[in-house]
Structure formats: structure tokens, C-alpha cells
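> Here the sequence shown is numbered in my numbering, starting from 2 and rising by one per residue.
Even for Gly, the Cβ is constructed at its ideal location relative to N, Cα and C.
Dumping the structure here so I can ask a few things about it.
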Amino acid sequence: MFRISVPQTQETYYYDTLKQLIELWANARKSRKKAPFVEFNAKIRELSNEMAVYAVYVLHHQLEEIKQTINNALNENIPLKVAVSKIDTALNVLIYGSKTQPDPILAEMVDGDHASIIAALCQTAKNTLPLSNGDTLIAVIDDEKSVGVNLCTALKQFNYNAEYFANIQDYKQSTLVEKCTLVILDVTMPDYIQEEVFSFASALQASGVNVIACSCLFNLETRLAAVRAGVSDYIVKPISSYSLFEKISRILQRQQDDSFNIVLVDDQESMGIFYKTVFEQAGCHVEYIQTAQKLLDSLEYLKPDLFLLDMMMPDIDGLEIASMLRQEEKFDFAPIVFLTADDRLETKLRVLDSGADDVIAKSTPAPLVVKQVMARLNRSSVIRNFVSKDALTGVLNHGQIVESASNVLRLSKRHGNDSVLALVDVDYFKTVNDSYGHSNGDQVLRALGQQLRRTLRESDHVGRYGGEEFLLLLQDCDLASAVEKLDKLREAFSNIKFKYESGYFNVTFSVGVVALEKYAQIQDAINEADVRLYAAKDAGRNQIKYS
């Protein structure tokens, strides 16, 4: 069944606005005058912008079609009767996606002959429209309805599609099974013995569907059964929605990552090509380097997830290479693994003392080498993600964003590319906390972090610089383009309505922007962006100043 999924923070706003749209449309189609159509169009535009900000693209596209139809009618490009028919249909599709039955208010507005057409189109919408704003469908299977429904609500807040099922049988009989990406499974349900539940979980994992087991139990027996079933993760009730979101993000990120990057250093070409081929067949990208000098020359641009080093090389000891790599802060979280024919205990201890993480004998069969290295890669990926991200907003933390800024500046200087640095600061944030509570203040920061992550490109960098301030790096982007993009983002964010106990409130932000290539040191660029930011504040806030 077609359903519209709206973030929890926007649900009340969306349904209230939908009711207003129905009333405005009833007035417009009855009067057939221009002013009511213009008023209806303004409300459509407002809701469309809001849904675009939250990446609810099903709604956004539907609303944009309605807006285009109205504009065509107002410009007399299509007959009014045709426009009315199209908008009736489109609104019913929206209502169908929001409820189990068509809305009686709108149904009464539709002529008898037209009602059957709308019913048919709504039936088509069930089968053809995307489920919601993304490709990720998450099933929540829990015999406690309140728990399951609350989990779905929390997931929708983070823009995931979520469907609740009371038991395993309901899930199996659903038409959504083939679309499901991940299942959150309660492993203690009254109608199933634990072996059945974990057998089901194991089958899901084998079919490519990730499973997060959840339970109020924290005993060894249950945890061990989950491990043996091969589930992707385990979470104990009561469930923190943010912890759950982070677990889901990590699982899905592993699926989305194209590959790990391995830097392989071995002076023997035959061995180097062999291991390069082995790891490329395992889905990794391998940078093969034969000499220590070439490795040193390449350190500036390398972004390895792991170093795989030969122990014995001419003119230099592999352990010396490891010590050299550990002097580079940017490689702190990249594991160093040695391949060696020397499997003596003394050698292994020397390897660990050098700052390396593991040593593998060259006599080890290739599949086992791959398995051991991949285990290192997966674990280091989790740790790196944990220590580099701001816990509240999910963007890079202060240290990581400053380091990224330094790297972007250095590369821009080297290659002569345009890059832009921007400081974004939430306006009157103290007033937000004082007036609406710190939890709502956190919600604002979380929403801004999510919007920045979604809006900017993967090549750009977003981090929380401190408090309510965010630092952005836009690579290969000139100043004019960056200002235009950030201004659209600023306007969109200012239209978001945040819910609190007594109603809604809006928040704006100000921005200071500088062209990065003008500066020799990153701190100079940040300081100038800060000057531009406060110029925007002094000029009235909710605007951009740049130089």
C-alpha cells in the first residue's frame, strides 16, 4: 500500500497543512476566481519547500506537479476545467498516501463521473508510486504494538520508510518483503520459541536483508544465539532512537561504500600483483607501491583505510616504514598489517612495538589473509566513524572538520582549484533554548546537520565547529556558486516549522563565506569567515556575507 512517510517533527504540521489545502482548494474550485487559486498555490509552494528540505521526495514531486498545473491554469496555458480535474486527482493521491481511506471532504467536492476516475488513479498510485522519500525500507517486527509503532515513528523522524508487523507471519505474507532492506526483530515473542526467531533471522541475513535483534534480555544465551544467527547488530530495550539510528547508518553505510582503500607496499612485483589481484577480487581498491620513496611521495594524496606492508625491503626495514606512517596524524586510524615469511614470536612483538596492528604469515592461504584483513577494515571503519562524528548532529566533529579544512586548502593550493569555506551559525540560539527548551534546541541542530549532509555533495565537508556553529568546505566550487547554493539552503531552512508544546517556531541562520585560495593558513580563512559571519549578524541576521 502506498504510504507517505514524514519526519516525526513535521507530521503534525503536514497533516494540518493538508487540511488547510483541502479547504483552500474547496474554496478555489467553487469560486473559480484568481485570488483563491493564488492563495492555494502559495500554500502548495510552502509545503513543497518544506518536504524538499526533509528529502520527502514523493510529497515534493506531487506538490510540484500541482503547482505547475495551477501556474499553467493561471497563465491560461490549459483550460481551468482540465486543471481542476488534475488537482482533484493529485490531492486524492496525497490523501490516499496519508490515510487508509480517501478523505470525505474532498470526495464530496468531486463530481460523480469524476469520482470513479480518481478511484482508479488512486489504485494505480498504490502500485506505481515509491513508498516514500528513499530506497530504504525497514520492517519492525514486535508483538508489543506500542513499542513497534513508536520505533516506526522514530525511524520516520530520520527519513526512513518503516512498516510495523505484529509477528513473523504477518511480515512473510506482506507484499513488502521483497523491498525490505533491514529488519528490526524482537527476539522474544510469545508465539515463537527463540530457535524459530533466530532461524528466521539467519535466513534473512542469508538473503541479504540485515537484521538488528532487539530484546529486553541481556543474558549470555540470547546474545550468543544472536551471534550464531549472524545478525548485523543487537540492541537492548528500551531503545534509544538516536542509538538505533547510528546502528542503522553504520549497517547501510557498509552496503553503500564502494570499497575499502588499501595501500600495498612490496618490492617484489610478483607478490605485489598477486595480493593486489586477491584484494581487488574481494571488492577493495588497491594502490600498489614498490618503493619506500614512492610511498613517501604519495602520502599527501593517499587516503587509505589500511596499509599492507612487506616486512623486508631493500635499504629500509618495513618496521621503519610503519614508524614513519605513525608520525602522520591523518593515518592514526588506518591499521598497519605486515605480511612476512618470518613467523617467529620475536618478530611479531617487534611489529607491534613499531605501531603496527597485526602480522600475517605469507604462508597463510589467500582467503584467510583476506578474511583477516577485512575484519581489521570493518572494525577500524566503525571506530573511525565513531571518533570522527559529532554525537548530536552526525556531522564531523571539531577536530575532524578543521583537519579536513587544512587538507582542502593544501590541495586547492597545489592544483589551483576554487574552494570555499563557510561558517554557519544559528540565529538567536540561546533564545531558542530558553523559550522552547534544550531538547528542541538539540532538535534544531540535528535538523540543520541533516539538511547540510543531504544538500551538499559527497566531496564537500560538513562539521560542527562548536555550539550552534557549523563549518563547511565546498571543493571545486567558486564563490558565486557557493553563495547561491548556501542562500537557497538558508531560505529553505528558515521555512521549516519546528513543533513544541504550544505550537510551532521557525529558526534562521547566518553565514560568513570566503574563497579559500586567498589564504596561506586555514585559521586565517576561518577568522575571516567569522568576521563575515558577524557582519551578517550585525546586518540583521538570516543572510550571507562574503569576501
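Within its chain, find whatever has a CB closer than 7 Å to the CB of L326; leave out the 5 residues flanking it on each side and keep chain order.
The residues are F308, F332 and I337.
> Please go through the same chain and pick out, in chain order, the residues whose beta-carbon is closer than 6 Å to the beta-carbon of V550, but skip the five residues on each side of it.
Residue 550 falls outside the range modelled here, since the chain spans only 2 to 548, and no answer is possible.
> Looking at A84 and N73, is the spacing between their C-beta atoms short of 8 Å?
Yes; because the gap between Cβ atoms is below 8 Å, this pair is in contact.
> Over what stretch of residues does the beta strand (DSSP E) that includes Y235 continue unbroken?
Per DSSP, Y235 belongs to the beta strand (DSSP E) from D234 to V237.
> Cα separation between Q269 and Q291?
Roughly 7 Å separates the two Cα atoms.
> Quick one: is V508 buried, meaning 16 or more other Cβ sit within 10 Å of its Cβ, or exposed?
V508 should be labelled buried.
> Would the stretch 463 to 471 and the stretch 418 to 431 be scored as touching if the rule is three or more Cβ pairs under 8 Å?
Enough Cβ pairs lie closer than 8 Å, so yes.
> What first and last residue would you give for the alpha helix (DSSP H) that runs through E492?
E492 -> alpha helix (DSSP H) spans L480 to S495.
> In whole angstroms, what separates the C-alpha of S440 from that of V515?
Straight-line Cα distance between these residues: approximately 33 Å.
> Rounded to whole angstroms, what is the Cα-Cα separation between C181 and I142?
Taking the straight line from one Cα to the other gives about 12 Å.
> Write down the C-beta distance between A481 and L475 rounded to the nearest angstrom, noting that I regard them as a contact closer than 8 Å.
With 8 Å as the limit, A481 and L475 do not qualify as a contact, their Cβ atoms being about 12 Å apart.
> How many angstroms separate the CA atom of Q401 from the CA atom of K248?
Cα to Cα, the separation comes out at about 21 Å.
> Measuring CB to CB, does T70 end up less than 8 Å from K44?
No, the Cβ-Cβ distance between T70 and K44 is not below 8 Å.
> Which residue or residues does DSSP assign as beta-bridge partners of R465?
Looking at the DSSP assignment, R465 forms a beta bridge with F471.
> Counting only the same chain and skipping the five closest in sequence on each side, list residues whose C-beta sits under 6 Å from that of Y165.
So the qualifying residues of the chain are V141, G149, V150 and C153.
> Quick check: the Cα distance between A355 and A521, rounded to an integer number of angstroms?
Here the sequence assigns Ser to residue 355, which means Ala is not the residue at that position. So the alpha carbons of these two residues sit roughly 35 Å apart.
> Would you mind reading off the limits of the beta strand (DSSP E) that contains F339?
I337 to T341 is the span of the beta strand (DSSP E), which, as asked, contains F339.
> Nearest-angstrom Cα distance between D187 and E288?
Going by the C-alpha atoms only, they are around 43 Å apart.
> Can you list the beta strand (DSSP E) stretches of 3 or more residues lying completely in the stretch 252 to 317, in chain order?
262 to 266, 286 to 290 and 307 to 311, all fully within the stretch 252 to 317.
> Less than 7 Å separating the Cβ of A74 from some heavy atom of the ligand HEM?
By its list of ligands, the structure shown contains no ligand whatsoever, and the ligand HEM lies outside what it can speak to.
> Between the alpha carbons of A392 and R30, how many angstroms are there, rounded?
The straight-line gap from Cα to Cα measures roughly 49 Å.
> Look up Y535 in the DSSP assignment and say whether it is helix, strand or coil.
Y535: helix per DSSP, three-state reduction.
> Return the chain-ordered list of same chain residues with a C-beta closer than 7 Å to the C-beta of Q21, the five sequence neighbours on each side being excluded.
K44, listed in sequence order.
> Return the Cβ separation of E47 and I497 in integer angstroms, given the expectation that the two are a contact with Cβ distance under 8 Å.
Not a contact, Cβ separation roughly 11 Å.
> Taking contact to mean 3 or more Cβ pairs, one atom from each stretch, closer than 8 Å, check whether the stretch 359 to 378 and the stretch 409 to 418 are in contact.
The stretch 359 to 378, when compared against the stretch 409 to 418, does not touch it at the 8 Å Cβ threshold.
> Going by the DSSP bridge assignment, what does Q476 pair with across the sheet?
Its beta-bridge partners are S420.
> Measure the alpha-carbon distance for Q294 versus D267 and round it to whole angstroms.
Roughly 12 Å separates the two Cα atoms.
> Taking L75 as the reference, which of A36, Y16 and S299 has the closest Cα?
Comparing Cα-Cα distances from L75 to each of A36, Y16 and S299, the minimum goes to A36.
> Apply the 10 Å Cβ neighbour rule to I194 and answer buried if 16 or more other Cβ atoms are within range, or exposed otherwise.
Result: exposed.
> Along the beta strand (DSSP E) that carries L183, what are the first and last residues, could you check?
Note, L183: beta strand (DSSP E), L183 to D187.
> What beta strand (DSSP E) runs, 3 residues minimum, are completely inside the stretch 153 to 180?
The qualifying runs are 162 to 166.
> Which residues bound the beta strand (DSSP E) around F506?
First-last of the beta strand (DSSP E) with F506: G504 to F506.
> Which two residues bound the contiguous alpha helix (DSSP H) that contains D354?
It spans L346 to D354 - the alpha helix (DSSP H) in which D354 sits, taken as one unbroken run.
> Just how far apart, CA to CA, sit V409 and S420?
Approximately 8 Å between the Cα atoms of the pair.
> Residues bridged to N151 by DSSP?
BP columns for N151 are empty, so no partner.
> Taking DSSP as the reference, what is the three-state secondary structure of S216?
The answer is strand: DSSP assigns S216 an E or B state.
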